[in-house]
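Heads up, the first sequence is in the numbering used here, so the first residue is 9 and it goes up one at a time. Just so you know, even glycine gets a beta-carbon here, dropped at the ideal spot from N, CA and C. Since we're looking at a predicted model, the values are computed, not measured.
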Amino acid sequence: MHSDLVATLVRWYEEEARELPWRRADRTPWSVLVSEFMLQQTQVSRVAPAFEEWMRRWPTPAALAAEPASEAVRAWGGLGYPRRARWLHGAAARIVEEHGGEVPSDVDALLALPGVGPYTARAVAAFAFGSRVPVVDTNTRRVIARAVDGNGDAAPPSTRRDLAAMERLLPADTRVAQLVNAATMELGAVVCTARAPRCEACPVAVHCAWRSAGYPAYEGPRRRVQATFAGSDRQVRGIVMRELRAAHRPVTRGELAPAWADAAQLERAIDTLVADGLAAEGAEGLALAE
DNA sequence: CTCCGGATAC
DNA sequence: GTATCCGGAG
9 MHSDLVATLV
19 RWYEEEAREL
29 PWRRADRTPW
39 SVLVSEFMLQ
49 QTQVSRVAPA
59 FEEWMRRWPT
69 PAALAAEPAS
79 EAVRAWGGLG
89 YPRRARWLHG
99 AAARIVEEHG
109 GEVPSDVDAL
119 LALPGVGPYT
129 ARAVAAFAFG
139 SRVPVVDTNT
149 RRVIARAVDG
159 NGDAAPPSTR
169 RDLAAMERLL
179 PADTRVAQLV
189 NAATMELGAV
199 VCTARAPRCE
209 ACPVAVHCAW
219 RSAGYPAYEG
229 PRRRVQATFA
239 GSDRQVRGIV
249 MRELRAAHRP
259 VTRGELAPAW
269 ADAAQLERAI
279 DTLVADGLAA
289 EGAEGLALAE
């Protein structure tokens, strides 16, 4: 159906793919899992250094599981969404307990791990184990919407529909299917970007349905926009977490007060961090939860 | 009562 | 991206 598009895309990927730490030949299922956790909602440039450091310190699930979760959260640094660090630690523990220390290759087994959802489970199955399963992230969605369907790309995501769409693009050959998944994401990340697509440099421009249709704008239900970060509870939580990581001793709420002017919002942020199991409050104050 | 798709919140 | 909540669907 779209064999020319797909073949061209794969050829481009094999020539032009970025050299990223988690794509090296020495990668393991564990390193793939770690990178995918870090890449959830976080840009490549920010993940790379943290990934290297993490793998140096915890080269296996067992190594991570042997340490308290608080160490994982501390090492997570400023990557954001720190609950991912706890999930990754929890996943490592489960891998040790239930899978003999080996990352499972089965999508369903992966889905059972904390912090592993539809995207990550399939990404690990495909990129770590070479399974022929569709992998769909936001980049894939955009590329398919444009190049295949000829639409602008403000449509709300639909996991069911997008997985089916990707499935249809995958060739029978397992190895090539893996490349198609990776290449589609890569194109969306570096060429077919959301705001300013570089169509003049696109390797599959001649096969692009969006281009041949004259780049029509998307008409239909608009996707909701993400809340601004500045001043948000998310920002305040991030500030509190930074303080707790830096302090290797319990910190009182009073000591945290200077970190944020709005006292009520600060209290709320602290409360939610405790509720989320990221921070723990004892008699001496707050600390990273173990 | 399980299975979505939508809406949030991080 | 993932988890969680929630109302409608089967």
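| Asked | Found |
| --- | --- |
| Taking only runs of the alpha helix (DSSP H) that begin and end inside the region 57-107, which ones reach a length of at least 4 residues, in chain order? | 69-73, 77-84 and 91-107 |
| Considering only DSSP beta bridges, list what V259 is partnered with. | L294 |
| Assign Y223 to one of two classes, buried (16 or more other C-beta atoms within 10 Å of its C-beta) or exposed (fewer than that). | exposed |
| Does A288 come out as helix, strand or coil in the three-state DSSP assignment? | strand |
| Looking at A185: is its Cβ nearer than 8 Å to the Cβ of R140? | yes |
| Skipping 5 residues on each side, what residues in its chain have a beta carbon closer than 6 Å to that of D157? | none |
| To the nearest angstrom, how far is the alpha carbon of R176 from that of L96? | 32 Å |
| Answer with buried or exposed for E22, where buried requires no fewer than 16 other C-beta atoms within 10 angstroms of its C-beta. | exposed |
| Would you kindly check if the distance between the Cβ of A83 and the Cβ of R65 is under 8 Å? | yes |
| Quick check: the region 149-156 against the region 115-132, are at least 3 beta-carbon pairs closer than 8 Å? | no |
| Pull up the distance between the alpha-carbon of E70 and that of W30, whole angstroms please. | In the sequence as displayed, the identity of residue 70 is Ala instead of Glu. Distance between the alpha carbons of A70 and W30 is about 19 Å. |
| Go through its chain and collect everything with a Cβ distance to A149's Cβ below 6 Å, but skip five positions before and after it. | The sequence shown places Arg at residue 149, rather than the Ala named in the question. Within the same chain, R149 has close Cβ partners P165 and D170. |
| Please confirm if the region 208-217 is in contact with the region 238-258, defined as three or more CB-CB distances below 8 Å between the two stretches. | no |
| Rounded C-beta distance between G98 and P122? I'm assuming under 8 Å. | 4 Å |
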